[in-house]
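Undergrad: Starting off with a structure, shown below.
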Amino acid sequence: MPPEQGGFKPRFFNFYGGFAVSVRIGVVGAGIFGVNHLNAFRQLSYLGVAELAAVAEINEKRAEWIRANYGVPVYLDYNEMLEKESLDGVTVVTPDHLHKPVVLAAVASGKHVLVEKPLDTTVEGCVEMVEAAKKANVLLQVDFHKRYDPEHIEMERRISAGEFGKILYGSVCMEDRIEVPVEWFPHWAPSSSPGWFLGVHFYDLVRWVIKSNGKTVFARGRKETLKNDYNIDTYDSISAMVEFQNGAVVSFDTSWILPRGFEAIVNQEIRLVGTKGVWEIDSQYRGSRSCVEGEGMRTYNNNFLREAVDKQGRQIFKGYGIESIEDFAYNIQSLKEGKTLKDLEGTYPSGEDGLEVTKIAAAVHESARTGKVVEIS
1 MPPEQGGFKP
11 RFFNFYGGFA
21 VSVRIGVVGA
31 GIFGVNHLNA
41 FRQLSYLGVA
51 ELAAVAEINE
61 KRAEWIRANY
71 GVPVYLDYNE
81 MLEKESLDGV
91 TVVTPDHLHK
101 PVVLAAVASG
111 KHVLVEKPLD
121 TTVEGCVEMV
131 EAAKKANVLL
141 QVDFHKRYDP
151 EHIEMERRIS
161 AGEFGKILYG
171 SVCMEDRIEV
181 PVEWFPHWAP
191 SSSPGWFLGV
201 HFYDLVRWVI
211 KSNGKTVFAR
221 GRKETLKNDY
231 NIDTYDSISA
241 MVEFQNGAVV
251 SFDTSWILPR
261 GFEAIVNQEI
271 RLVGTKGVWE
281 IDSQYRGSRS
291 CVEGEGMRTY
301 NNNFLREAVD
311 KQGRQIFKGY
321 GIESIEDFAY
331 NIQSLKEGKT
341 LKDLEGTYPS
351 GEDGLEVTKI
361 AAAVHESART
371 GKVVEIS
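To convert, note that position 198 of the sequence shown is 198 in this note's numbering; the numbers rise steadily by one, no gaps.
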């Protein structure tokens with residue numbers, strides 16, 4: 001299924017008969033990134049848009065912290081949450097390889113679902129989830145938040161308008177500091193890789209911007225530092241050349257072994273060249289830097305996430321890392337107000353998008369393993 005032709009169109013308030021319809025959301029997984037989901041839905045409750053109704057978190061200490069700080073029911077078993085709570089939607093923020101059982105359980109119970117990228121680490125798993133959501137007639141959305149970055153929205157708009165002609169080639173770089181696999185996720189990093197954890201962001205972004213799916217892949221990966229120094233058996237880096245169905249060829253360099261002293265947790269950039277122009281975005285250095293005693297120089301992507309205080313003195317968060325999550329609640333709100341899934345097509349990253357991205361990522365890993373060019377079916 002080709003990428004949707006329409007770009008992301010942000011929606012902030014949906015009203016029906018003059019009153020906003022509130023939606024009840026449950027979150028499964030409240031680790032480092034799961035907190036963004038908790039904050040997104042809590043602050044939407046201030047607007048009457050959504051309610052953070054319940055959380056499922058298997059870590060008991062973490063569960064107690066959530067109860068104390070968010071004042072919501074917390075379950076150690078997501079199945080119990082699905083059974084006992086009246087929910088409109090569920091967000092899945094578990095490790096990459098554990099998405100499928102939660103998604104299928106939520107869909108089977110009639111809930112709309114937002115799942116963190118990647119949708120699944122197997123093509124077969126993605127197909128199963130997409131088909132289940134279709135059968136249940138529920139929304140299946142993937143949190144590819146790069147689409148919500150204002151710089152990327154403008155890139156998509158102008159390239160789609162033809163200003164840069166036909167995209168011929170390009171390059172992408174996304175790299176994390178080494179504490180991500182070593183300190184944040186050492187228990188499941190061996191089940192992931194820079195391709196799954198980072199690459200999928202830009203596999204999706206590029207196919208969305210150029211409106212084309214992957215065709216062939218040639219990739220190489222290296223296992224050195226993580227395997228030898230930290231006993232974490234996964235790739236340090238993966239470099240992939242992806243040919244898209246429209247003929248564009250884009251290279252993707254991903255790694256998660258940048259030194260701890262690097263000034264940002266993530267270094268990222270994208271460059272696309274067309275027959276009429278070139279577009280470059282340095283997504284790491286956005287013009288904001290600081291240096292304090294004992295820390296060294298630091299740069300910040302405040303477009304992704306920044307803390308603020310609203311007029312009532314409440315802590316809120318802004319940025320595309322929050323807006324992509326909030327969009328899920330607005331989509332459910334629209335459905336409750338009478339819109340259909342067909343009406344919403346092309347305005348959010350869908351399960352079908354997640355499937356196409358996993359096809360690329362799976363081909364990248366197969367090529368890195370075999371040393372051969374892999375065709376994407």
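Cβ coordinates follow ideal geometry from the N, Cα and C atoms, glycine included. Given the structure is predicted, the values throughout are model-derived calculations rather than measurements.
Three-state secondary structure (DSSP) at glutamate 64?
TA: Your numbering for residue 64 matches position 64 in the sequence shown. If DSSP states are grouped into helix, strand and coil, glutamate 64 belongs with the helices.
Undergrad: Under 9 Å, do glycine 378 and leucine 87 count as touching if we go by C-beta distance?
TA: Residue numbering for the chain in the displayed model covers 1 to 377; residue 378 lies beyond these limits and cannot be assessed.
Undergrad: List, from N- to C-terminal side, the alpha helix (DSSP H) runs of 4 residues or more that fit wholly inside the segment 21 to 84.
TA: 34 to 45, 60 to 70, 78 to 84
Undergrad: Are glutamate 116 and valine 92 closer than 9 Å when you measure CB to CB?
TA: As a working note, residue 116 is residue 116 in the sequence shown. As a working note, residue 92 is residue 92 in the sequence shown. If you check the CB distance, glutamate 116 and valine 92 come in under 9 Å.
Undergrad: Go to lysine 215, then tell me how far its beta strand (DSSP E) extends in each direction, as first and last residue.
TA: Along the sequence shown, one-based indexing puts residue 215 at 215. Counting along the chain, the beta strand (DSSP E) containing lysine 215 begins and ends at 214 to 222.
Undergrad: Can you tell me which residues form a DSSP beta bridge with cysteine 173?
TA: Indexing the sequence shown from 1 puts residue 173 at position 173. DSSP output for cysteine 173 lists Asp253, Glu269 as bridge partner(s).
Undergrad: Could you please give me the residues that DSSP links to arginine 306 through a beta bridge?
TA: Indexing the sequence shown from 1 puts residue 306 at position 306. DSSP output for arginine 306 lists Lys318 as bridge partner(s).
Undergrad: My assumption, with CB atoms under 8 Å, is that leucine 355 sits in contact with threonine 275. Please give the rounded CB distance.
TA: As a first step, residue 355 must be located in the sequence shown, where it is residue number 355. As a first step, residue 275 must be located in the sequence shown, where it is residue number 275. Actually they are not in contact, since the Cβ atoms of leucine 355 and threonine 275 sit about 30 Å apart, beyond 8 Å.
Undergrad: Which stretch, first to last residue, makes up the beta strand (DSSP E) that contains phenylalanine 112?
TA: Taking the sequence shown and counting its residues from 1, one reaches residue 112 at position 112. The sequence given here places histidine at residue 112; phenylalanine does not occur at that position. 112 to 116 is the extent of the beta strand (DSSP E) around histidine 112.
Undergrad: With H, G and I counted as helix, E and B as strand and the rest as coil, what does DSSP make of threonine 234?
TA: If you number the sequence shown from 1, residue 234 lands on position 234. Correct three-state label for threonine 234: coil.
Undergrad: Please return the same chain residues whose Cβ sits closer than 6 Å to the Cβ of aspartate 176, not counting the five positions on each side in sequence.
TA: As a first step, residue 176 is located in the sequence shown; it is residue number 176 there, counting from the start. So the qualifying residues of the chain are Trp256, Val266.
Undergrad: Let's test the definition: count the other Cβ atoms within 10 Å of the Cβ of methionine 174 and tell me whether it reaches 16, buried, or not, exposed.
TA: The residue you call residue 174 lines up with position 174 of the sequence shown. Buried.
Undergrad: Can you tell which of His145, Arg260, Gly294 has its C-alpha closest to the C-alpha of valine 206?
TA: The residue given as residue 206 occupies position 206 in the sequence shown. Closest option to valine 206, Cα to Cα, is His145.
Undergrad: Between which two residues does the alpha helix (DSSP H) carrying valine 209 extend?
TA: Start at 1 with the first residue of the sequence shown, and residue 209 comes out as number 209. Per DSSP, valine 209 belongs to the alpha helix (DSSP H) from 200 to 210.
Undergrad: For threonine 299, write down the residues that DSSP places opposite it in a beta bridge.
TA: Here the question's residue 299 lines up with position 299 in the sequence shown. In the DSSP output, where bridge partners are listed per residue, threonine 299 has Arg289.
Undergrad: Please report the straight-line C-alpha distance between alanine 391 and glycine 321, rounded to a whole angstrom.
TA: Outside the displayed range of the chain (1 to 377) lies residue 391, so it cannot be described from this structure.
Undergrad: Can you tell me whether glutamine 333 is helix, strand or coil according to DSSP?
TA: Locating residue 333 in the sequence shown gives position 333, where the first residue counts as 1. Looking at glutamine 333 - three-state DSSP - the assignment turns out to be helix.
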